[in-house]
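Undergrad: The structure's right below; bear with me while I get my questions together.
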Amino acid sequence: MAMEQKESIKQKFDILYQALESGIIDADSVLDTLMSTKREQIMKMHTYAITPPTKEGGRWQTCYKDASGKRKNIKAQTKEELLDKLVPIYFSETHLDKLTFYGLYEEWLEFKATVTNSTNTIRRHKQHYKKYFEPSVLHGMKVRKIDELLLEKECNRIVKEFNLSRKEWYNAKTILNGMYEYAVRKKYLTENPMDKVQILVKYRQVVKKTGKTETYNTKELEDMNRFLESMYEETLDASFLAVKINFLLGLRVGELVALKWSDWSDVSHLHIVREEIRDQTENRFEVVEHTKTNQDRFVILVPKAIETLKRIERQGEYMFMRDGKRITANRIAVILRMFARYEGISVKSSHKMRKTYASNLNASGVPLDCIREMLGHNNLNTTLGYIYNPLTESQTYDLMAKALE
């Protein structure tokens, strides 16, 4: 603290002392005002319900988390007395002033685990924290000692030291954004310092994605359909039809393999309400009754899709079953690898089916907002990231020549 600031504070204390000594200020009234202010602050900070007595002679009550994270009840005869009991909890050094960066991370992660259905998301956050932030100077620092300049310095160091691409940094930064947004909501901080952090070093440049790598072009899709038809006729394995129909549905592969016959709600629509997830810790697949975005949607069935569905022999409640069991996302990946070996081309992931679907709709003039709805995206920018040129080079040339003539 600068000498001038210290001198100014000392002068103010001297004035207050003289005012108390001379009776100008009453100490009790000052204390009452301070306590009233603290009660108001606690009402804003306290996230648990404050419950009035339910019967005559009862007491006001609420709960709070102690330093170890355990929830404890607290009671008092009046609301004011209850708030007074919370004052040393909220304004003690142990509650806020001793909160470290790692402590905030643990609090946020515990909260995050209660609002997400994905254990894999929590697992990735733990991996990213261990890799990028645990070795950082931030790890053991008090939250209140970390300003936006120090944050900016560390963020830039991490991007540079780990040679991160823009997307890789975005994934890592999710932890910082989440932690500090949580801190603001908990009233630990008044603003999120990450809002002003800038990355000034260069990101690692990545090869720009194109339709050649991100979609099955028109020729590849024709070859794919011939391969799938041939394999289905030979084996009567519905998983080959699952791959074929997904180029007409654009589903996430987890949604595709979790489809039930009851989801065929009417002739021209499929109701998408669930998905398969993989527990990466136990390497186990299971179906959950929600989609990735926790929102159901209806996908339009074109005539070719309806025709394909009618060819499937029903073996149970799920649409795509093999040997009496529901197929998993792994089976879809196996078929795509089979096709790649058969054609002698590079393997394209199951997610490329979804991008092919979106790109073909776009190339045929389907409105972007309709494509967004079919894919189940909330943000149109996300949908734009799925759209590439799905045409062959000769088809692209012919289209351009026709447009420019």
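Going left to right, the sequence shown walks through residues 424 to 828 as my numbering numbers them.
We treat Cβ as the ideally placed atom computed from N, Cα and C, and that holds for glycine.
Small disclaimer: the values here were computed from a predicted structure and weren't measured.
Taking 8 Å as the threshold (C-beta atoms), are D702 and L693 in contact?
TA: The count along the sequence shown starts at 1 and reaches residue 693 at position 270. The count along the sequence shown starts at 1 and reaches residue 702 at position 279. No. Outside cutoff.
Undergrad: Less than 8 Å between the CB atoms is what I'm expecting for Y765 and F663, so what's the real figure, rounded?
TA: Mapped onto the sequence shown, residue 765 falls at position 342. Mapped onto the sequence shown, residue 663 falls at position 240. In fact, because the Cβ distance is near 12 Å, the residues do not count as touching under 8 Å.
Undergrad: In whole angstroms, what separates the C-alpha of F556 from that of Q628?
TA: The residue given as residue 556 occupies position 133 in the sequence shown. The residue given as residue 628 occupies position 205 in the sequence shown. For F556 and Q628, the distance between alpha carbons rounds to 23 Å.
Undergrad: Enumerate, from N- to C-terminal direction, the unbroken beta strand (DSSP E) stretches of 3 or more residues contained entirely within the segment 660-739.
TA: Whole beta strand (DSSP E) segments, 3+ residues: 692-695, 698-702, 707-711 and 720-723.
Undergrad: On the three-state DSSP scale, how would you describe Q550?
TA: For the purposes of this step, residue 550 is taken as the residue at position 127 of the sequence shown. The answer is helix: DSSP assigns Q550 an H, G or I state.
Undergrad: Among the residues of its own chain, which have a CB less than 7 Å from the CB of E571, if the five just before and after it don't count?
TA: Here the question's residue 571 lines up with position 148 in the sequence shown. So the list reads P616, K619 and V620, once near-sequence residues are dropped.
Undergrad: If we call anything under 8 Å between Cβ atoms a contact, is R697 one with V710?
TA: In the sequence shown, the residue the question calls residue 697 occupies position 274. In the sequence shown, the residue the question calls residue 710 occupies position 287. Cβ distance < 8 Å, so R697 and V710 count as in contact.
Undergrad: Measure the CB-CB distance between L759 and N640 and report whether it falls below 8 Å.
TA: Stepping through the sequence shown from its first residue, residue 759 is reached at position 336. Stepping through the sequence shown from its first residue, residue 640 is reached at position 217. Against a cut-off of 8 Å, the Cβ pair of N640 and L759 comes out as no contact.
Undergrad: What distance in whole Å lies between the Cβ atoms of K461 and D520, which are believed to be in contact at a cut-off of 8 Å?
TA: Counted from its first residue, the sequence shown places residue 520 at position 97. Counted from its first residue, the sequence shown places residue 461 at position 38. So it is not a contact: roughly 15 Å between Cβ atoms.
Undergrad: Helix, strand or coil: which one does DSSP assign to M744?
TA: As a working note, residue 744 is residue 321 in the sequence shown. M744: strand per DSSP, three-state reduction.
Undergrad: Going by DSSP in three states, Y593 sits in which element: helix, strand or coil?
TA: Within the sequence shown, numbered from 1, the residue matching residue 593 stands at position 170. Helix at Y593.
Undergrad: According to DSSP, simplified to helix, strand and coil, what is Q500?
TA: As a position in the sequence shown, residue 500 is number 77, starting the count at 1. In this structure, Q500 counts as coil in the three-state DSSP scheme.
Undergrad: My understanding is that A472 touches W483, with C-beta atoms under 8 Å, so please give their C-beta distance in whole angstroms.
TA: Position 49 of the sequence shown, counted from the start, is the residue given in the question as residue 472. Position 60 of the sequence shown, counted from the start, is the residue given in the question as residue 483. That pair is no contact at about 11 Å.
Undergrad: Output the boundary residues of the beta strand (DSSP E) element that contains Y487.
TA: The residue given as residue 487 occupies position 64 in the sequence shown. From DSSP, the beta strand (DSSP E) with Y487 extends over W483 to K488.
Undergrad: For T633, which of K488, L807 and F762 has the nearest alpha-carbon?
TA: Reading the sequence shown from its first residue, position 210 is the one you call residue 633. If we check each option's Cα against that of T633, L807 comes out closest.
Undergrad: Identify which residue in I447, R494, Y513 and I438 has its Cα closest to the Cα of M458.
TA: Residue numbering aside, residue 458 sits at position 35 when the sequence shown is read from its first letter. The shortest C-alpha separation from M458 is found at Y513.
Undergrad: Cα separation between F721 and L509?
TA: By 1-based counting over the sequence shown, the position of residue 721 is 298. By 1-based counting over the sequence shown, the position of residue 509 is 86. Those two C-alpha atoms are separated by around 50 Å.
Undergrad: Can I545 and L561 be called in contact, C-beta distance under 8 Å?
TA: In the sequence shown, residue 545 corresponds to position 122, counting from 1. In the sequence shown, residue 561 corresponds to position 138, counting from 1. Taking 8 Å as the Cβ cut-off, I545 and L561 do not qualify as a contacting pair.
Undergrad: Assuming K493 contacts C486 under a Cβ cut-off of 8 Å, what Cβ separation, rounded to an integer in Å, is found between them?
TA: Position 70 of the sequence shown, counted from the first residue, corresponds to residue 493. Position 63 of the sequence shown, counted from the first residue, corresponds to residue 486. That belief does not hold up - the Cβ atoms of K493 and C486 are roughly 10 Å apart, past 8 Å.
Undergrad: In the DSSP assignment, find the unbroken alpha helix (DSSP H) run with D792 in it and report its ends.
TA: Looking up residue 792 in the sequence shown gives position 369. Note, D792: alpha helix (DSSP H), L791 to L798.
Undergrad: Would you mind reading off the limits of the alpha helix (DSSP H) that contains R754?
TA: Position 331 of the sequence shown holds residue 754. Unbroken alpha helix (DSSP H) run through R754: A752 to E766.
Undergrad: Short of 6 Å in beta carbon distance, which residues of its chain neighbour M654, apart from the five on each side in sequence? Order them along the chain.
TA: Along the sequence shown, read from residue 1 onward, the residue named residue 654 stands at position 231. So the qualifying residues of the chain are F663.
Undergrad: Within 8 Å, do at least three Cβ pairs link the segment 766-779 to the segment 734-747?
TA: These segments do not touch.
Undergrad: In the structure shown, what three-state DSSP assignment does D821 receive?
TA: Position 398 of the sequence shown, counted from the first residue, corresponds to residue 821. Here D821 sits in helix by DSSP.
Undergrad: With respect to the alpha helix (DSSP H) encompassing A786, which residues constitute its N-terminal and C-terminal limits?
TA: Here residue 786 refers to the residue found at position 363 when the sequence shown is read from its first residue. Element bounds for A786: H774 to A786.
Undergrad: Could you check how far apart the C-beta atoms of A826 and L798 are, in whole angstroms? I think they sit under 8 Å.
TA: Working through the sequence shown from its first residue, we reach residue 826 at position 403. Working through the sequence shown from its first residue, we reach residue 798 at position 375. About 27 Å; that fails the 8 Å criterion.
Undergrad: So, are the CB atoms of H800 and N540 less than 8 Å apart?
TA: Taking the sequence shown and counting its residues from 1, the one referred to as residue 800 is at position 377. Taking the sequence shown and counting its residues from 1, the one referred to as residue 540 is at position 117. No. Outside cutoff.
Undergrad: For Y811 versus E643, is the C-beta spacing smaller than 8 Å?
TA: Start at 1 with the first residue of the sequence shown, and residue 811 comes out as number 388. Start at 1 with the first residue of the sequence shown, and residue 643 comes out as number 220. Not a contact, by the Cβ cut-off of 8 Å.
Undergrad: Which residues in the same chain as V607 place their Cβ atom closer than 8 Å to its Cβ, once the five residues preceding and following it in sequence are excluded?
TA: Position 184 of the sequence shown, counting from 1, holds the residue named residue 607. Here the set comprises T613, E614 and N615.
Undergrad: Count the other CB atoms, across all protein chains shown, that sit within 10 Å of the CB of M823; report buried if there are 16 or more and exposed otherwise.
TA: Within the sequence shown, residue 823 is the residue found at index 400, counting from 1. Flag for M823 reads exposed.
Undergrad: Is DSSP giving T633 helix, strand or coil here?
TA: Looking up residue 633 in the sequence shown gives position 210. Three-state DSSP puts T633 in coil, outside helix and strand.
Undergrad: How about L671 and A763: are their beta carbons less than 8 Å apart?
TA: On the sequence shown, position 248 is the one that residue 671 refers to. On the sequence shown, position 340 is the one that residue 763 refers to. No, they are not a contact pair.
Undergrad: Measure the alpha-carbon distance for V725 versus N669 and round it to whole angstroms.
TA: Against the sequence shown, residue 725 aligns to sequence position 302. Against the sequence shown, residue 669 aligns to sequence position 246. Spanning the two alpha carbons is a distance of roughly 12 Å.
Undergrad: Are the CB atoms of V582 and Y552 nearer to each other than 8 Å?
TA: Here the question's residue 582 lines up with position 159 in the sequence shown. Here the question's residue 552 lines up with position 129 in the sequence shown. No, they are not a contact pair.
Undergrad: Tell me the rounded alpha-carbon separation between M424 and K568.
TA: Against the sequence shown, residue 424 aligns to sequence position 1. Against the sequence shown, residue 568 aligns to sequence position 145. Residue confidence for M424 is low, a pLDDT of 45 falling below 50, so the modelled location carries little weight and cannot support an answer.
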